[in-house]
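**Q** For this note's numbering, count along the sequence shown from 1 and bump the result up by 5.
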Amino acid sequence: MKNYLLLLGAFVVAPLFVFSQEAFKITHGPYLQALGETGVNIVWTTSKNSIAWVELAPADDSHFYAKERPKYFAAAHGQKTEGTVHNVRIEGLQPATKYRYRIYSQEILSHESYIVKYGNIAASAAYRAELPTFTTLDPRATETGFAMVNDIHQQSDVLKKLLSQVDWKQHQLVFFNGDMQNNSRNEAQIFSSFMDTAISLFADRVPMYYARGNHETRGEFASAFPRYFPTANGQLYYIFRTGPVCFVVLDTGEDKPDSDIEYTGIADYDTYRTQQAAWLKAALKRPEYTEAPYKVVIAHIPPFGGWHGEKEVAEKFVPLLNQAGAQVMLSGHLHRNVKRMPEAGAWNFPVLVNSNTSIVKAKADAKQLQIEVFDLAGKKIDEVIVQPSK
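1) Ordered along the chain, which non-local residues of its own chain (more than five positions away) have a Cβ less than 8 angstroms from that of K165?
2) Assuming V45 is part of the beta strand (DSSP E), what are its boundary residues?
3) Inspect the CB distances between the segment 235–254 and the segment 184–201 and report whether three or more fall short of 8 angstroms.
4) For K366 and H338, I'd like the C-alpha separation in whole angstroms.
5) Using three-state DSSP, classify G124 as helix, strand or coil.
6) Measure the alpha-carbon distance for A57 versus P231 and round it to whole angstroms.
7) Verify whether the separation of the beta carbon atoms of I126 and Y109 is less than 9 angstroms.
8) Hey, how far is the Cα of A272 from the Cα of T102?
9) Would a C-beta distance cut-off of 9 angstroms place H305 and T257 closer than the cut-off?
10) Between T32 and T50, how many whole angstroms is the CB-CB distance? I'm expecting something under 8 angstroms.
11) In terms of alpha-carbon separation, which member of Y104, F309, Q328, G350 lies closest to L335?
12) Whose C-beta lies closer than 7 angstroms to the C-beta of L289 among residues of the same chain, with five residues either side of it excluded?
13) S52 and I113 look like a contact to me (Cβ under 8 angstroms); what is the Cβ gap, rounded to whole Å?
14) Just to confirm, are Q281 and K321 a CB contact at a threshold of 9 angstroms?
15) Pick helix, strand or coil for H33, following the three-state DSSP scheme.
16) Taking the alpha-carbon positions, what's the D209 to A349 distance?
17) Just how far apart, CA to CA, sit L21 and L142?
18) Does DSSP put R105 in a helix, a strand or coil?
19) Would you mind reading off the limits of the beta strand (DSSP E) that contains I390?
20) Would a C-beta distance cut-off of 9 angstroms place R223 and N188 closer than the cut-off?
21) So, is L374 buried or exposed, given that buried needs 16 or more other C-beta atoms within 10 angstroms?
22) Excluding sequence positions up to five away, which residues of its chain have a Cβ less than 6 angstroms from the Cβ of L168?
23) Is DSSP giving T295 helix, strand or coil here?
24) Which residue wins for smallest C-alpha separation from F4, given the options V211, Y215, H158, V171?
25) Here's a check: name, in chain order, each residue in its chain whose Cβ is nearer than 6 angstroms to the Cβ of A369, leaving out the five neighbours to either side.
26) What does a CB cutoff of less than 8 angstroms around P393 pick up in its chain, not counting 5 residues either side in sequence?
27) Rounded to a whole number of angstroms, what is the C-alpha to C-alpha distance between D184 and E221?
28) Report buried or exposed for D260, applying the criterion of at least 16 other Cβ atoms within 10 angstroms of its Cβ.
29) Please confirm whether I364 and I376 have their CB atoms less than 9 angstroms apart.
30) CB-CB under 6 angstroms to L4, same chain, minus the five flanking residues each way: which ones, in chain order?
31) Rounded to whole angstroms, what's the CA-CA distance from Y70 to G41? Just pull it up for me.
32) Could you tell me the alpha carbon to alpha carbon distance between M346 and Q332, rounded to whole angstroms?
33) Rounded to the nearest angstrom, how far is the Cβ of K77 from that of L98, given a contact under 8 angstroms?
34) If you draw a straight line from the alpha carbon of P35 to that of F252, how long is it in whole angstroms?
35) Taking the alpha-carbon of V323 as reference, which of P212, N342, F354 has the nearest alpha-carbon?
36) Would you say A80 touches the ligand FAD, meaning its beta carbon is less than 8 angstroms from a heavy atom?
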């Protein structure tokens with residue numbers, strides 16, 4: 006019997022065997038991570054163990070089937086990775102360029118010794134379907150816009166209402182600034198809590214950058230976080246530039262001492278923040294930071310409040326940021342809106358804390374970086390204006 010294509014929702018399944026088997030499918034995604042000038046990670050999940058790849062094409066007038074497209078596999082150390090969470094890193098792209106992409110996964114029925122038996126292929130539809138696209142970052146652009154939400158704590162309805170305020174033509178990237186879930190118990194929780202909502206609204210075509218919060222560190226599934234939210238440098242802290250803005254994304258860790266009974270002996274965040282500070286000292290000397298007109302810090306826990314984690318941020322990160330001329334810090338954690346202007350002997354920049362029921366929307370151009378805060382009803386409730394550095 007000939008192979009055939011069976012359309013299932015947004016995905017195409019191409020059976021390679023005629024005997025009956027449980028349906029193999031793409032369960033969540035795709036979504037973009039770590040989008041930069043020349044690279045991107047594309048992530049999705051499947052119902053069964055499989056290998057995975059992405060086919061890429063320019064966002065031009067040609068049909069996706071016009072010719073064979075280059076394939077990029079989920080692979081590590083020279084081998085295609087087998088699993089249900091698929092992370093394809095694509096390098097060597099052109100800056101400020103728009104691409105179309107199609108995801109594929111092929112089920113692995115068995116892998117014994119040297120013999121691998123493959124099953125069905127699941128793929129995003131390309132025939133009479135609009136494929137998702139992404140545009141690589143452009144550090145030479147004169148304008149850029151971004152949005153930020155935080156402390157959603159699994160309230161996907163709140164997330165949807167906040168993100169419905171975003172004009173995706175003006176805001177080219179989104180930050181999740183921590184505590185998007187209450188804890189981390191399993192994969193299903195990640196998607197039902199917030200990622201399925203994000204994917205349906207924007208995340209397959211607009212990049213999302215994650216600053217881990219203290220609640221993402223809790224639970225038996227917490228160590229799996231990097232599998233779902235990979236970064237270009239392999240760490241959960243990183244910097245990147247797009248247009249006139251350089252973003253410094255920090256991982257502020259937990260908010261209580263490592264010895265607190267709540268962590269049951271599993272926490273080692275004091276050492277982690279010390280190591281991160283050493284990285285930060287070097288990162289703040291890189292040209293994408295020093296040459297950027299605007300220098301924005303994304304950090305879940307702010308440097309005030311008196312708790313241990315807040316004091317660690319103030320003592321280990323803020324002096325380095327002060328010395329390097331950081332211009333604003335965007336935080337969450339407190340579940341209320343707070344704006345603290347520069348304070349002598351503390352931080353030399355405004356610290357804007359966004360609540361769990363408001364959204365930050367910002368736009369930078371040659372004249373200024375305007376950062377605005379809007380509540381659930383879309384009413385503007387606060388603002389910070391940053392002038393370009395000299």
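We treat Cβ as the ideally placed atom computed from N, Cα and C, and that holds for glycine.
**A** To lay it out plainly:
1) Mapped onto the sequence shown, residue 165 falls at position 160. Closer than 8 angstroms at Cβ, skipping near neighbours: T202, L206.
2) As a position in the sequence shown, residue 45 is number 40, starting the count at 1. Here the beta strand (DSSP E) through V45 covers 45–63.
3) no
4) Reading the sequence shown from its first residue, position 361 is the one you call residue 366. Reading the sequence shown from its first residue, position 333 is the one you call residue 338. Going from the Cα of K366 to the Cα of H338 covers about 18 angstroms.
5) One-based indexing of the sequence shown puts residue 124 at position 119. In this structure, G124 counts as strand in the three-state DSSP scheme.
6) By 1-based counting over the sequence shown, the position of residue 57 is 52. By 1-based counting over the sequence shown, the position of residue 231 is 226. If you take the alpha carbons of A57 and P231, they lie about 18 angstroms apart.
7) As a working note, residue 126 is residue 121 in the sequence shown. As a working note, residue 109 is residue 104 in the sequence shown. Yes, the Cβ-Cβ distance between I126 and Y109 is below 9 angstroms.
8) Walking along the sequence shown from the start, residue 272 turns up at place 267. Walking along the sequence shown from the start, residue 102 turns up at place 97. Going by C-alpha positions, A272 is about 42 angstroms away from T102.
9) Indexing the sequence shown from 1 puts residue 305 at position 300. Indexing the sequence shown from 1 puts residue 257 at position 252. Yes, the pair counts as a contact, with Cβ atoms nearer than the cut-off.
10) Start at 1 with the first residue of the sequence shown, and residue 32 comes out as number 27. Start at 1 with the first residue of the sequence shown, and residue 50 comes out as number 45. Indeed, because the Cβ distance is near 5 angstroms, the residues count as touching under 8 angstroms.
11) The residue you call residue 335 lines up with position 330 of the sequence shown. Looking at Y104, F309, Q328, G350, the one whose alpha-carbon comes closest to that of L335 is F309.
12) Numbered from 1 along the sequence shown, position 284 holds the residue referred to as residue 289. Counting only Cβ-Cβ distances below 7 angstroms, and skipping sequence neighbours, we find L325, A329.
13) Counted from its first residue, the sequence shown places residue 52 at position 47. Counted from its first residue, the sequence shown places residue 113 at position 108. Incorrect: roughly 12 angstroms between the Cβ atoms, too far for contact.
14) Within the sequence shown, numbered from 1, the residue matching residue 281 stands at position 276. Within the sequence shown, numbered from 1, the residue matching residue 321 stands at position 316. With respect to K321, Q281 sits close: the two C-beta atoms are nearer than 9 angstroms.
15) Stepping through the sequence shown from its first residue, residue 33 is reached at position 28. DSSP, read as helix, strand or coil, puts H33 in strand.
16) Start at 1 with the first residue of the sequence shown, and residue 209 comes out as number 204. Start at 1 with the first residue of the sequence shown, and residue 349 comes out as number 344. Cα to Cα, D209 sits roughly 43 angstroms from A349.
17) Mapped onto the sequence shown, residue 21 falls at position 16. Mapped onto the sequence shown, residue 142 falls at position 137. In this predicted model, L21 has a pLDDT of only 46, less than 50, meaning its place in the structure is not dependable enough to derive any value.
18) The residue labelled residue 105 in the question sits at position 100 within the sequence shown. Reduced to three states, the DSSP call for R105 is strand.
19) The residue labelled residue 390 in the question sits at position 385 within the sequence shown. Unbroken beta strand (DSSP E) run through I390: 385–391.
20) Walking along the sequence shown from the start, residue 223 turns up at place 218. Walking along the sequence shown from the start, residue 188 turns up at place 183. It is a contact, given that the beta carbons lie within the stated cut-off.
21) One-based indexing of the sequence shown puts residue 374 at position 369. Around the C-beta of L374, 16 or more other C-beta atoms lie within 10 Å, and the residue is accordingly described as buried.
22) By 1-based counting over the sequence shown, the position of residue 168 is 163. Excluding residues within five positions, the ones whose Cβ falls inside 6 angstroms are L206.
23) In the sequence shown, the residue the question calls residue 295 occupies position 290. Correct three-state label for T295: helix.
24) Given that the chain is displayed from residue 6 to residue 395, the structure contains no residue 4 and the question cannot be resolved.
25) Here residue 369 refers to the residue found at position 364 when the sequence shown is read from its first residue. Only T149, P249, V250, Y299 meet the Cβ criterion.
26) Taking the first residue of the sequence shown as 1, we reach residue 393 at position 388. Closer than 8 angstroms at the Cβ level, and outside the excluded window around P393, lie P249, P298, Y299, A371, K372, Q373, L374.
27) Stepping through the sequence shown from its first residue, residue 184 is reached at position 179. Stepping through the sequence shown from its first residue, residue 221 is reached at position 216. Distance between the alpha carbons of D184 and E221: 6 angstroms.
28) The residue labelled residue 260 in the question sits at position 255 within the sequence shown. Burial call: buried.
29) For the purposes of this step, residue 364 is taken as the residue at position 359 of the sequence shown. For the purposes of this step, residue 376 is taken as the residue at position 371 of the sequence shown. No, the Cβ-Cβ distance between I364 and I376 is not below 9 angstroms.
30) Here the chain comprises residues numbered 6 to 395, so residue 4 is not present and cannot be evaluated.
31) Here residue 70 refers to the residue found at position 65 of the sequence shown. Here residue 41 refers to the residue found at position 36 of the sequence shown. Near 27 angstroms, if we compare the C-alpha coordinates of G41 and Y70.
32) Position 341 of the sequence shown, counting from 1, holds the residue named residue 346. Position 327 of the sequence shown, counting from 1, holds the residue named residue 332. When rounded, the distance between both Cα atoms is 11 angstroms.
33) Locating residue 77 in the sequence shown gives position 72, where the first residue counts as 1. Locating residue 98 in the sequence shown gives position 93, where the first residue counts as 1. The question names Lys, but residue 77 in the sequence shown is Tyr. Between Y77 and L98 a beta carbon distance of about 10 angstroms is seen, past the 8 angstroms cut, so the two are scored as non-contacting.
34) Along the sequence shown, one-based indexing puts residue 35 at 30. Along the sequence shown, one-based indexing puts residue 252 at 247. Taking the straight line from one Cα to the other gives about 24 angstroms.
35) Residue 323 sits at position 318 when you count from the first residue of the sequence shown. The shortest Cα separation from V323 among P212, N342, F354 belongs to F354.
36) Although the ligand FAD was asked about, the structure shown includes no ligands whatsoever.
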